[in-house]
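Heads up, the thing below is written out as structure tokens.
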Amino acid sequence: MQVFEAGSAYRFMENLVKDVGNRESGTDSEFRAAGKIRKWFEEFGLSNVRVEEFEVETSRILREEASLPDGTRLECAAVGNSMSTPLEGVEGEVVVLESTSTEALQNIEDKIAVLSMYSLDMKGFHKVLNAKPLALIYPTRAPLTPKSYRSIRAEYVEKQSIPAISVAHDDVLSLLKGPRRLRIVTEVNRVTAKSQNIIGEVLGTLDDEDILVGGHYDTVRNVMGAHDNAAGTAVMLELARIFAHEKIKRTLRLVAFGSEELGLRGSFHHAKNVQNTRNLKLCIDYDVHGILLGNLEAVVLGPEELKSLLSFTAKELGIPLHVTSEMGLGGSDHMPLAFYGVPSVMLSRGGGAAQVMHTDLEDLRWCGQEAFVSVGTLSQTLLERLLNAEELPFEKKIPETIAKAVEKRFEDSGVKKE
Numbered sequence: 001m002q003v004f005e006a007g008s009a010y011r012f013m014e015n016l017v018k019d020v021g022n023r024e025s026g027t028d029s030e031f032r033a034a035g036k037i038r039k040w041f042e043e044f045g046l047s048n049v050r051v052e053e054f055e056v057e058t059s060r061i062l063r064e065e066a067s068l069p070d071g072t073r074l075e076c077a078a079v080g081n082s083m084s085t086p087l088e089g090v091e092g093e094v095v096v097l098e099s100t101s102t103e104a105l106q107n108i109e110d111k112i113a114v115l116s117m118y119s120l121d122m123k124g125f126h127k128v129l130n131a132k133p134l135a136l137i138y139p140t141r142a143p144l145t146p147k148s149y150r151s152i153r154a155e156y157v158e159k160q161s162i163p164a165i166s167v168a169h170d171d172v173l174s175l176l177k178g179p180r181r182l183r184i185v186t187e188v189n190r191v192t193a194k195s196q197n198i199i200g201e202v203l204g205t206l207d208d209e210d211i212l213v214g215g216h217y218d219t220v221r222n223v224m225g226a227h228d229n230a231a232g233t234a235v236m237l238e239l240a241r242i243f244a245h246e247k248i249k250r251t252l253r254l255v256a257f258g259s260e261e262l263g264l265r266g267s268f269h270h271a272k273n274v275q276n277t278r279n280l281k282l283c284i285d286y287d288v289h290g291i292l293l294g295n296l297e298a299v300v301l302g303p304e305e306l307k308s309l310l311s312f313t314a315k316e317l318g319i320p321l322h323v324t325s326e327m328g329l330g331g332s333d334h335m336p337l338a339f340y341g342v343p344s345v346m347l348s349r350g351g352g353a354a355q356v357m358h359t360d361l362e363d364l365r366w367c368g369q370e371a372f373v374s375v376g377t378l379s380q381t382l383l384e385r386l387l388n389a390e391e392l393p394f395e396k397k398i399p400e401t402i403a404k405a406v407e408k409r410f411e412d413s414g415v416k417k418e
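Going by my numbering, the first residue of the sequence shown is number 1, and it counts up by one from there.
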């Protein structure tokens, strides 16, 4: 069969970044990218190429301003799905919120709170809102990085919301060392929009065993999304290209997920449909790739045999791979599939450039075709074996500890199984 070509994968990524650019969830640009991916699927010769459409709750940012008492502007980005300020804005003292303890929350009423925690679950977010701050500031995590673009999960703000902005780490630091006072003006228009997954298949001879390979193609607002996640989509596309005309036992389902950045919306829509998961034995998700100076990592939400298979295959090929079942604080499209009982793997490429994800710096400068070599070799080898094995070397089950951890993660985010 054909061999995974790192240069081909790089060109897919480059095309999405240069020809489409920003692919914000639920926008015309995301729709344009979806059309491009569908066309590629058809050109490869995949079977049953189709669109899986769904609705998302999102927002459009119309105004975002922050200024110091002397009138100096502070660069900021309004947070998606946050509340607009009054026309004149809100102004107040800036304080740091380090936790959601009762003691910490007593100090933020009628003030602008800087959230120094990495993330807040829905319960914690509502505790903050009930403490009645004027607005929230989300600082970027790392020094020397610009403001990031982000959204609050729609579930968090169904009943109450608050004005919120993102500000660069160093600008927040200067604010805290200086005037500790800020005026914020935002206008955020909440909308219901259309998004879509693009699906294609390489049909196998078995009619009751499928393997899914996927990655999200959308981005956050204003960002080119090179390594997050044009690169992950590119890995999936190159695998689709080389397997398109292979004779295989198990059906290979290729999925480009939409609206991952709004809370894994595309993969949830796909996973909750029992028709999609009944015969599905494995999901391999590609999220964050192409980083030239980086390392390959795998998060396995499935049985120990699946972890062992990944580790063994990587060692056999001489590919360094860190394998874990720890989900970390982020999330990706493998998680909804595991939530609905499908053993799932996320392959990603960590590295320093991951610190600039969701910022204006996330473009092609950090990427190179060599970064696709190891993930391509590992993925092709795994899929060749699994698609044609007489019997899969693992069961379709999620270990109890992992299943409970996944369920708790989504429960904490306000998501219930349908």
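For every residue, glycine included, the Cβ atom is placed at its ideal position computed from N, Cα and C. Keep in mind it's a predicted model, so treat the numbers as computed, not measured.
Helix, strand or coil: which one does DSSP assign to A66?
Counting from 1 along the sequence shown, the entry for residue 66 is found at position 66. The answer is strand: DSSP assigns A66 an E or B state.
State the Cα-Cα distance for the pair I402 and G328, rounded to the nearest angstrom.
Within the sequence shown, residue 402 is the residue found at index 402, counting from 1. Within the sequence shown, residue 328 is the residue found at index 328, counting from 1. Approximately 12 Å between the Cα atoms of the pair.
For A168, count neighbouring Cβ atoms within 10 angstroms of its own Cβ and tell me buried if that reaches 16, exposed if not.
For the purposes of this step, residue 168 is identified with residue 168 of the sequence shown, where counting begins at 1. A168 is buried by the Cβ-count criterion.
With contact counted as at least three CB pairs below 8 Å, one residue from each stretch, are the region 2 to 12 and the region 362 to 374 in contact?
yes
Return the residue from the list I319, F125 and K272 that minimises the CA-CA distance to P163.
Taking the sequence shown and counting its residues from 1, one reaches residue 163 at position 163. Checking every option, the nearest Cα to that of P163 belongs to F125.
Helix, strand or coil, according to DSSP, for K281 in the structure here?
On the sequence shown, residue 281 is found 281 positions in, with the first residue counted as 1. In this structure, K281 counts as strand in the three-state DSSP scheme.
Would the beta-carbon of S166 fall within 7 Å of that of K147?
Walking along the sequence shown from the start, residue 166 turns up at place 166. Walking along the sequence shown from the start, residue 147 turns up at place 147. Against a cut-off of 7 Å, the Cβ pair of K147 and S166 comes out as a contact.
Mark D287 as exposed unless 16 or more other C-beta atoms lie within 10 angstroms of its C-beta, in which case mark it buried.
Within the sequence shown, the letter at position 287 stands for residue 287. D287 comes out buried.
Hey, which unbroken runs of the alpha helix (DSSP H) at 4 residues or more fall wholly within the region 195 to 257?
231 to 243
Here's the rule I'm using: 16 or more other beta-carbon atoms within 10 Å means buried, otherwise exposed. How should G214 be labelled?
In the sequence shown, the residue the question calls residue 214 occupies position 214. Buried, since its Cβ has 16 or more Cβ neighbours within 10 Å.
So is M1 buried or exposed if we call it buried at 16+ other beta carbons inside 10 Å?
Looking up residue 1 in the sequence shown gives position 1. By the 10 Å Cβ count, M1 comes out exposed.
Is the Cβ-Cβ distance between L347 and G200 less than 7 Å?
Within the sequence shown, the letter at position 347 stands for residue 347. Within the sequence shown, the letter at position 200 stands for residue 200. It is not a contact, given that the beta carbons lie outside the stated cut-off.
Taking the CB atoms as reference points, tell me whether V220 and H334 lie closer together than 7 Å.
The residue labelled residue 220 in the question sits at position 220 within the sequence shown. The residue labelled residue 334 in the question sits at position 334 within the sequence shown. Taking 7 Å as the Cβ cut-off, V220 and H334 do not qualify as a contacting pair.
Buried or exposed: where does A389 fall if 16 or more other Cβ atoms within 10 Å of its Cβ makes it buried?
Position 389 of the sequence shown, counted from the start, is the residue given in the question as residue 389. Around the beta carbon of A389, a 10 Å sphere encloses fewer than 16 other beta carbons of the protein chains shown; the residue is thus reported as exposed.
Would you call Y149 buried or exposed, if buried means 16 or more other Cβ atoms sit within 10 Å of its Cβ?
The residue given as residue 149 occupies position 149 in the sequence shown. That one is buried.
I'd like the span of the alpha helix (DSSP H) that includes R385, first residue to last.
Locating residue 385 in the sequence shown gives position 385, counting from the first residue. Here the alpha helix (DSSP H) through R385 covers V373 to N388.
Leaving aside the five residues before and after V73 along the sequence, list all residues of the same chain whose C-beta is less than 6 Å from its C-beta, in chain order.
Residue 73 sits at position 73 when you count from the first residue of the sequence shown. First, the amino acid is wrong: residue 73 is Arg here, not Val. Closer than 6 Å at the Cβ level, and outside the excluded window around R73, lie S67.
Tell me the DSSP secondary structure of H126 in three-state form.
Residue 126 sits at position 126 when you count from the first residue of the sequence shown. Of the three classes helix, strand and coil, the one that applies to H126 here is helix, per DSSP.
Spell out the partners DSSP gives F54 in its beta bridges.
Residue mapping note: residue 54 aligns to position 54 of the sequence shown, counting from 1. Looking at the DSSP assignment, F54 forms a beta bridge with S195.
If we call anything under 7 Å between Cβ atoms a contact, is E187 one with L62?
Looking up residue 187 in the sequence shown gives position 187. Looking up residue 62 in the sequence shown gives position 62. Going by C-beta atoms, E187 is nearer than 7 Å to L62.
Below 7 Å between beta carbons: does that hold for E57 and A135?
What you label residue 57 is simply residue 57 of the sequence shown in a count that begins at 1. What you label residue 135 is simply residue 135 of the sequence shown in a count that begins at 1. The answer is no: Cβ separation not under 7 Å.
Looking only at C-alpha atoms, which of V49, V3 and G35 sits nearest to L203?
Walking along the sequence shown from the start, residue 203 turns up at place 203. Closest by alpha carbon: V49.
Would R409 pass as an interface residue toward chain B - the criterion being a Cβ-Cβ separation below 7 Å?
Given the protein chain composition of this structure (a single chain), no chain B is represented.
With a Cβ-Cβ cutoff of 7 Å, do A271 and Y340 count as a contact?
In the sequence shown, the residue the question calls residue 271 occupies position 271. In the sequence shown, the residue the question calls residue 340 occupies position 340. Cβ atoms of A271 and Y340: closer than 7 Å.
Quick check on P139: does DSSP put it in helix, strand or coil?
Locating residue 139 in the sequence shown gives position 139, where the first residue counts as 1. In the structure shown, P139 sits in a strand (DSSP, three-state: E or B).
Tell me, please, whether the region 245 to 253 touches the region 381 to 398 by the rule of three or more beta-carbon pairs shorter than 8 Å.
yes
Bridge partners of N189, per DSSP?
Your numbering for residue 189 matches position 189 in the sequence shown. According to DSSP, residue pairing for N189 in a beta bridge involves R60.
What first and last residue would you give for the alpha helix (DSSP H) that runs through T100?
One-based indexing of the sequence shown puts residue 100 at position 100. Looking at the DSSP string, T100 is not in any alpha helix (DSSP H), and its letter there is neither H nor E.
Any idea what DSSP makes of V79, helix, strand or coil?
Position 79 of the sequence shown, counted from the first residue, corresponds to residue 79. If DSSP states are grouped into helix, strand and coil, V79 belongs with coil.
Look up I184 in the DSSP assignment and give the residues it is bridged to.
Translated into the one-based positions of the sequence shown, residue 184 becomes position 184. Paired residue(s): A66 and V90.
Buried or exposed for Q196, please, with buried defined as at least 16 other CB atoms from any protein chain shown within 10 angstroms of its CB.
Reading the sequence shown from its first residue, position 196 is the one you call residue 196. So Q196 ends up on the buried side.
Expressed to the nearest angstrom, what Euclidean distance is found between the alpha-carbon atoms of L212 and G350?
Counted from its first residue, the sequence shown places residue 212 at position 212. Counted from its first residue, the sequence shown places residue 350 at position 350. Counting only the Cα atoms, G350 lies some 23 Å from L212.
Have a look at I112 and V185 and give me their C-alpha separation to the nearest angstrom.
Position 112 of the sequence shown, counted from the first residue, corresponds to residue 112. Position 185 of the sequence shown, counted from the first residue, corresponds to residue 185. Between I112 and V185, the C-alpha separation is close to 13 Å.
Report the option in N222, V223 and V255 whose CA atom is closest to the CA atom of G232.
Within the sequence shown, the letter at position 232 stands for residue 232. Nearest of N222, V223 and V255 to G232, Cα basis: V255.
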